[in-house]
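*Asks:*
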Amino acid sequence: MNMKLKEILSLESIIQIFDNLNSLLIILHYDDEKLLFANKSGLKRFPNSLNKKIKDVLQLSNEEEIVINIESNSKLFDNKGKPKNSLKGSIRLFNSEYYNYEVFGISDNNKKYKILVLNELTEIKNNLEEAEIQNRMLGTIIDESPVAIWFFDNDANYKLINSFVKNNMQDDKGNSTVLNDESEIAYQNNLEVLKKLNYTIKYEPFTFRDGRIHQLKSIRKRIIDENGKKLGVIGIGIDITEIKNTEEKLKYLKELNELISEFSSKLIHCKVNNIDDYVKDTLKAINQYISSDRVYICDLNNSAKNVSISYEHYQTEDLKNIGWVELNYQKIERWIDLFNQNYYLLIHDVQQIPYSYSNEKLMLENRNVKSMLAFPLIYNSELIGFVGFDNIQSTKYWDNDTIFLLRIATEIIAGSLARKNFELRIINAMNAAEEASRTKSEFLANMSHEIRTPMNAILGFSEILQESITTGVQKSYLNTIINSGRNLMKLINDILDLSKIESGRIDIMPEPVDLLRIFSEIEKIFEIKIKDKRLEFIIDMDQDVIGYWLFDETRLRQILFNVVGNSIKFTDQGYIKISTRLIQDNSNKKNIELSVEDSGIGIPDEHQKRIFDSFYQVSSKSGKRYDGTGLGLAITMRLIKAMNGEIRLVSKPKIGTNFTITFNDVRQAELTIIKEQEFPEVSDEFSFNNARFLVVDDIHNNREMIKIFLEEYKGIVIESDNGNDAIKLASFYKPSAIILDIRMPGMSGFEVLHHIRNDERTIDIPVIALTAVSSAFQEKHLYKDFNAVLTKPVRKDELISKLSEIVG
Ligand code: ADP
Numbered sequence: 010m011n012m013k014l015k016e017i018l019s020l021e022s023i024i025q026i027f028d029n030l031n032s033l034l035i036i037l038h039y040d041d042e043k044l045l046f047a048n049k050s051g052l053k054r055f056p057n058s059l060n061k062k063i064k065d066v067l068q069l070s071n072e073e074e075i076v077i078n079i080e081s082n083s084k085l086f087d088n089k090g091k092p093k094n095s096l097k098g099s100i101r102l103f104n105s106e107y108y109n110y111e112v113f114g115i116s117d118n119n120k121k122y123k124i125l126v127l128n129e130l131t132e133i134k135n136n137l138e139e140a141e142i143q144n145r146m147l148g149t150i151i152d153e154s155p156v157a158i159w160f161f162d163n164d165a166n167y168k169l170i171n172s173f174v175k176n177n178m179q180d181d182k183g184n185s186t187v188l189n190d191e192s193e194i195a196y197q198n199n200l201e202v203l204k205k206l207n208y209t210i211k212y213e214p215f216t217f218r219d220g221r222i223h224q225l226k227s228i229r230k231r232i233i234d235e236n237g238k239k240l241g242v243i244g245i246g247i248d249i250t251e252i253k254n255t256e257e258k259l260k261y262l263k264e265l266n267e268l269i270s271e272f273s274s275k276l277i278h279c280k281v282n283n284i285d286d287y288v289k290d291t292l293k294a295i296n297q298y299i300s301s302d303r304v305y306i307c308d309l310n311n312s313a314k315n316v317s318i319s320y321e322h323y324q325t326e327d328l329k330n331i332g333w334v335e336l337n338y339q340k341i342e343r344w345i346d347l348f349n350q351n352y353y354l355l356i357h358d359v360q361q362i363p364y365s366y367s368n369e370k371l372m373l374e375n376r377n378v379k380s381m382l383a384f385p386l387i388y389n390s391e392l393i394g395f396v397g398f399d400n401i402q403s404t405k406y407w408d409n410d411t412i413f414l415l416r417i418a419t420e421i422i423a424g425s426l427a428r429k430n431f432e433l434r435i436i437n438a439m440n441a442a443e444e445a446s447r448t449k450s451e452f453l454a455n456m457s458h459e460i461r462t463p464m465n466a467i468l469g470f471s472e473i474l475q476e477s478i479t480t481g482v483q484k485s486y487l488n489t490i491i492n493s494g495r496n497l498m499k500l501i502n503d504i505l506d507l508s509k510i511e512s513g514r515i516d517i518m519p520e521p522v523d524l525l526r527i528f529s530e531i532e533k534i535f536e537i538k539i540k541d542k543r544l545e546f547i548i549d550m551d552q553d554v555i556g557y558w559l560f561d562e563t564r565l566r567q568i569l570f571n572v573v574g575n576s577i578k579f580t581d582q583g584y585i586k587i588s589t590r591l592i593q594d595n596s597n598k599k600n601i602e603l604s605v606e607d608s609g610i611g612i613p614d615e616h617q618k619r620i621f622d623s624f625y626q627v628s629s630k631s632g633k634r635y636d637g638t639g640l641g642l643a644i645t646m647r648l649i650k651a652m653n654g655e656i657r658l659v660s661k662p663k664i665g666t667n668f669t670i671t672f673n674d675v676r677q678a679e680l681t682i683i684k685e686q687e688f689p690e691v692s693d694e695f696s697f698n699n700a701r702f703l704v705v706d707d708i709h710n711n712r713e714m715i716k717i718f719l720e721e722y723k724g725i726v727i728e729s730d731n732g733n734d735a736i737k738l739a740s741f742y743k744p745s746a747i748i749l750d751i752r753m754p755g756m757s758g759f760e761v762l763h764h765i766r767n768d769e770r771t772i773d774i775p776v777i778a779l780t781a782v783s784s785a786f787q788e789k790h791l792y793k794d795f796n797a798v799l800t801k802p803v804r805k806d807e808l809i810s811k812l813s814e815i816v817g
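Following this note's numbering, the numbering of the sequence shown begins with 10 at its first residue and continues without gaps.
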């Protein structure tokens with residue numbers, strides 16, 4: 010202490026200052042290093058330390074420090090014992106407290122002392138250490154992060170880049186692999202945040218050390234200090250290339266899947282003649298989608314041991330090359346083996362095909378193929394060909410998922426081709442069956458015509474004979490001939506009808522029909538039988554059904570004739586009842602129900618279903634034989650169906666039978682189009698008064714029969730056996746009417762009519778057509794220019810009635 014200070018401050022005041030200092034102040038004896046004095050803070054920290062050696066008091070962790078600094082007296086005093094500079098340093102105590110110290114030497118009255126000032130630093134030191142640990146951790150995190158991290162300072166310099174950047178975006182020598190354009194964009198993006206924005210997220214491409222362009226999602230944030238001063242920009246870049254690739258691949262697979270599904274559904278549901286086109290469309294679309302250069306279908310010809318291309322499509326026209334159209338098995342033996350086991354063929358790189366398959370390699374090289382993928386087309390466990398995808402411009406990598414989807418697509422294609430084959434076979438078989446059926450019907454039609462012509466003569470002449478024969482036995486023989494003839498005629502007509510209905514050649518031609526009239530006619534037809542059996546015949550008409558309805562009259566009559574005929578046939582006593590009902594449903598459709606009820610022998614349950622089959626008859630227990638063919642109900646049911654109706658049956662043996670026929674959606678006729686169709690009966694005294702009739706028929710017997718009928722009523726008959734003569738005779742004689750056969754060799758009846766109607770001289774002569782029953786039923790429209798149509802065999806009363814009406 011220098012003297013001047015001593016003069017100002019007393020020792021006491023100095024001690025007081027020392028005592029109130031926050032620092033720990035200790036005065037040591039120079040010689041023995043023992044504590045002479047400690048201020049309040051010193052005593053508080055080191056109680057009972059006076060007169061103890063400083064070394065023991067402080068309990069330092071590193072004693073050298075004391076030796077060097079606190080105890081190194083030589084540094085504190087010069088040779089003459091005067092204090093030199095103070096010494097500074099830091100010490101750590103055993104309990105980890107940390108202090109800054111400063112030691113001064115002082116001398117007083119030749120006595121030397123040392124003053125030690127200690128300031129505790131533990132907290133600061135600890136904080137610093139913590140900060141350093143954090144720093145290091147942060148550094149490691151930044152460096153080891155699997156993302157790119159950089160710091161761009163206020164002067165627009167990259168101050169920090171982490172190992173991700175170094176490892177991926179720089180080569181071994183530390184040169185950037187990122188292209189100039191790419192780094193320029195990144196630089197501008199950093200500047201943008203530094204200057205304008207607080208924060209950005211961008212997607213940037215960078216060329217990495219691996220040579221590929223990687224997509225980085227870059228997040229940049231501006232850094233400022235506590236005073237708001239800009240420090241720079243920190244950037245983080247996440248490599249999302251894989252995510253992006255996966256996303257893109259998923260999208261690609263999803264779309265391919267959708268494409269295949271769409272085409273599959275078309276292929277599964279399309280008509281057989283569209284299959285080929287859809288297969289081609291499918292392959293073309295897939296080829297385009299997966300960007301392969303060429304797709305093709307190869308058909309296998311097992312017997313010729315070769316394959317041939319039946320369809321191919323190139324992505325672009327310029328890729329077309331002189332590929333093979335046919336190939337023999339030898340060149341592609343390996344493929345056929347694979348395909349036969351239902352494996353696919355995958356060649357990533359044609360150059361890699363092993364030497365042992367050099368044939369195959371050469372063939373593909375010649376065709377410029379770089380990669381290929383092919384799938385077998387198998388159906389019914391048989392290899393029928395394959396579908397191939399070629400890459401011509403460059404090799405292509407096919408991933409498993411795509412291969413999987415393509416495989417499904419080719420399986421669907423194979424299935425569709427199988428369906429095509431199968432359905433075509435069925436269609437051909439059906440056509441063949443239809444053709445056979447048509448031939449059968451035609452044969453039947455021809456046959457029945459051939460049979461009908463002589464039958465006509467037999468019946469007609471028998472009828473004529475009936476009047477001249479009077480002897481009992483002969484008359485009964487003749488009756489048998491007539492009855493058998495009529496039965497035979499009915500059978501022929503039935504068979505013909507059935508075959509026509511079965512081959513679908515029946516047209517339903519509705520016209521206005523009065524049901525009551527039809528019922529009465531039916532009653533009349535069976536009049537004799539009804540009387541013979543003493544049956545009651547009841548007609549019960551619903552008021553609502555009275556009037557005209559649109560029905561095919563001929564067919565309706567045929568139906569009733571069969572059903573009522575059966576009822577009479579199978580009823581020996583009691584009644585037959587025809588009733589009608591009108592049923593109107595919600596949609597205002599009118600259904601007409603006809604029922605024919607009898608009190609006859611009935612039909613046992615077990616037979617009820619089968620009686621509608623052709624040729625089915627119930628064998629009667631009583632052994633009684635009923636005539637018939639078993640065709641009636643078969644025809645009836647088919648006709649009813651064709652007329653949009655159905656037939657039901659309720660029957661009990663010995664009680665009776667009820668057939669109910671429902672015609673659906675029957676329309677009421679407008680009265681204006683109703684024409685009177687009944688003919689007046691001819692009285693026995695009727696006479697043609699020598700009127701002339703021209704009878705044209707190629708069959709002599711037919712002409713002869715009509716001649717006899719007409720002459721009986723004083724008609725004069727002129728005959729012609731062909732159309733040409735008939736035309737001449739007509740213009741020469743101008744007959745009162747012409748009876749004209751339709752089916753004649755040479756000129757047909759239609760042609761003859763045409764000539765007659767086009768000749769001034771004959772234009773007004775009435776012409777009656779003679780035709781087969783079925784033809785008249787089905788081709789009614791063709792007969793519209795005739796004055797009347799008579800069906801063969803011609804019945805006398807019908808002929809005379811019609812002619813009398815026409816001639817007047
Ligand atoms: P067909 O009458 O020519 O034998 P159908 O096809 O008209 O042929 O009838 C088939 C069979 O159904 C008849 O043979 C008869 O056994 C039975 N059948 C039809 N209608 C009746 C009826 N009303 N009562 C009893 N049996 C009937």
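Glycine is no exception: its CB is placed at the ideal position from the N, C-alpha and C atoms.
Comparing the CB of L642 with every heavy atom of ligand 1, is any distance shorter than 8 Å?
*Replies:* With a threshold of 8 Å, the Cβ atom of L642 counts as near ligand 1, since some heavy atom of the ligand is closer than that.
*Asks:* Helix, strand or coil: which one does DSSP assign to V816?
*Replies:* In the three-state reduction of the DSSP assignment, V816 falls in the helix class, which pools H, G and I.
*Asks:* Which same chain residues end up closer than 6 Å to F535 when comparing Cβ atoms and leaving out the 5 residues on each side of it in sequence?
*Replies:* Excluding sequence neighbours, F535 sits near I577.
*Asks:* Which residue or residues does DSSP assign as beta-bridge partners of K211?
*Replies:* S227
*Asks:* Less than 8 Å between the CB of N575 and some heavy atom of ligand 1, yes or no?
*Replies:* Indeed, a heavy atom of ligand 1 lies less than 8 Å from the Cβ.
*Asks:* For N600, report the span of its alpha helix (DSSP H) as first-last.
*Replies:* Taken as a continuous stretch (DSSP letters only), N600 belongs to no alpha helix (DSSP H), being part of the beta strand (DSSP E) at K599 to D607.
*Asks:* Answer with buried or exposed for I682, where buried requires no fewer than 16 other C-beta atoms within 10 angstroms of its C-beta.
*Replies:* Unreliable placement is indicated for I682, whose pLDDT of 37 sits below 50; no coordinate value is reported for it.
*Asks:* To the nearest angstrom, how far is it from the Cα of G755 to the Cα of D707?
*Replies:* The straight-line gap from Cα to Cα measures roughly 10 Å.
*Asks:* Looking only at its chain, what residues have a beta carbon closer than 7 Å to the beta carbon of M652, apart from the 5 residues adjacent to it on each side?
*Replies:* I517, D561, R564 and F672
*Asks:* To the nearest angstrom, report how far apart Y742 and F470 are at their CA atoms.
*Replies:* 28 Å
*Asks:* For ligand 1, I want to know if T645 counts as a neighbour, meaning its beta carbon is within less than 8 Å of at least one of the ligand's heavy atoms.
*Replies:* yes
*Asks:* Would you check whether ligand 1 has a heavy atom nearer than 8 Å to the C-beta of V627?
*Replies:* yes
*Asks:* Counting Cβ pairs, one atom from each stretch, are 3 or more of them under 8 Å apart for the segment 604-622 and the segment 574-593?
*Replies:* yes
*Asks:* By the 10 Å Cβ neighbour count, where 16 or more other Cβ atoms means buried, how is E132 classified, buried or exposed?
*Replies:* exposed
*Asks:* Are there 16 or more other CB atoms within 10 angstroms of the CB of D674, so buried, or fewer, so exposed?
*Replies:* exposed
*Asks:* Short check: CB of P775 to CB of V803, under 9 Å?
*Replies:* No, the Cβ-Cβ distance between P775 and V803 is not below 9 Å.
*Asks:* If M381 sits next to G397, beta carbons under 8 Å apart, how far is it from one beta carbon to the other, in whole angstroms?
*Replies:* 6 Å
*Asks:* Looking at C-alpha atoms only, which residue of C279, K509, I527 and D693 is the closest neighbour of E721?
*Replies:* Residue nearest to E721 within the set C279, K509, I527 and D693 is D693 (criterion: CA-CA distance).
*Asks:* Looking at ligand 1, does it come within less than 8 Å of T580, judged from the CB to the closest heavy atom?
*Replies:* yes
*Asks:* Could you check the C-alpha separation between D594 and I601 for me, to the nearest Å?
*Replies:* Near 11 Å, if we compare the C-alpha coordinates of I601 and D594.
*Asks:* Is it right to say F718 is buried, meaning 16 or more other beta carbons lie within 10 angstroms of its own, or is it exposed?
*Replies:* buried
*Asks:* How should E369 be labelled, buried or exposed, when 16 other C-beta atoms within 10 angstroms of its C-beta is the threshold for buried?
*Replies:* buried
*Asks:* Is the beta carbon of I228 closer than 9 Å to that of G246?
*Replies:* yes
*Asks:* Going by beta carbon distance, what residues of the same chain come within less than 6 Å of K684, once the five residues before and after it are set aside?
*Replies:* Note on K684: pLDDT 39, under 50, position unreliable in the model; the coordinate value appears next. None.
*Asks:* Following the continuous alpha helix (DSSP H) through R8, name the residue where it begins and the one where it ends.
*Replies:* Outside the modelled stretch of the chain, which goes from 10 to 817, sits residue 8, for which no answer is possible.
*Asks:* Would G1 be called buried (16 or more neighbouring beta carbons within 10 Å of its own) or exposed?
*Replies:* Outside the modelled stretch of the chain, which goes from 10 to 817, sits residue 1, for which no answer is possible.
*Asks:* Beta carbon of A643, beta carbon of Y557: below 9 Å?
*Replies:* No, these two residues do not count as a Cβ contact at 9 Å.
*Asks:* Going by the C-beta, is N571 closer than 8 Å to any heavy atom of ligand 1?
*Replies:* Answer for N571: yes, Cβ within range of ligand 1.
*Asks:* Between E472, G494, E321 and E432, which has its C-alpha nearest D302's C-alpha?
*Replies:* For the residues E472, G494, E321 and E432, the minimum Cα distance to D302 belongs to E321.
*Asks:* Okay, do the segment 452-469 and the segment 417-432 touch, 3+ Cβ pairs below 8 Å being the bar?
*Replies:* no
*Asks:* Reducing DSSP to helix, strand and coil, say where A797 ends up.
*Replies:* strand
*Asks:* Using three-state DSSP, classify M753 as helix, strand or coil.
*Replies:* coil
*Asks:* Pick from D581, S450, V704 and L658: whose alpha carbon is nearest that of E545?
*Replies:* Of the candidates D581, S450, V704 and L658, D581 places its Cα closest to the Cα of E545.
*Asks:* Is any non-hydrogen atom of ligand 1 found closer than 8 Å to the C-beta of Y635, if you look at the structure I gave you?
*Replies:* Flag set: Cβ of Y635 near ligand 1.
*Asks:* When the Cα atoms are used, what is the spatial distance from N389 to K499?
*Replies:* 52 Å
*Asks:* Only counting runs of 4 or more residues, tell me where the alpha helix (DSSP H) segments fall wholly within the segment 75-155, in order along the chain.
*Replies:* 82-85 and 131-153
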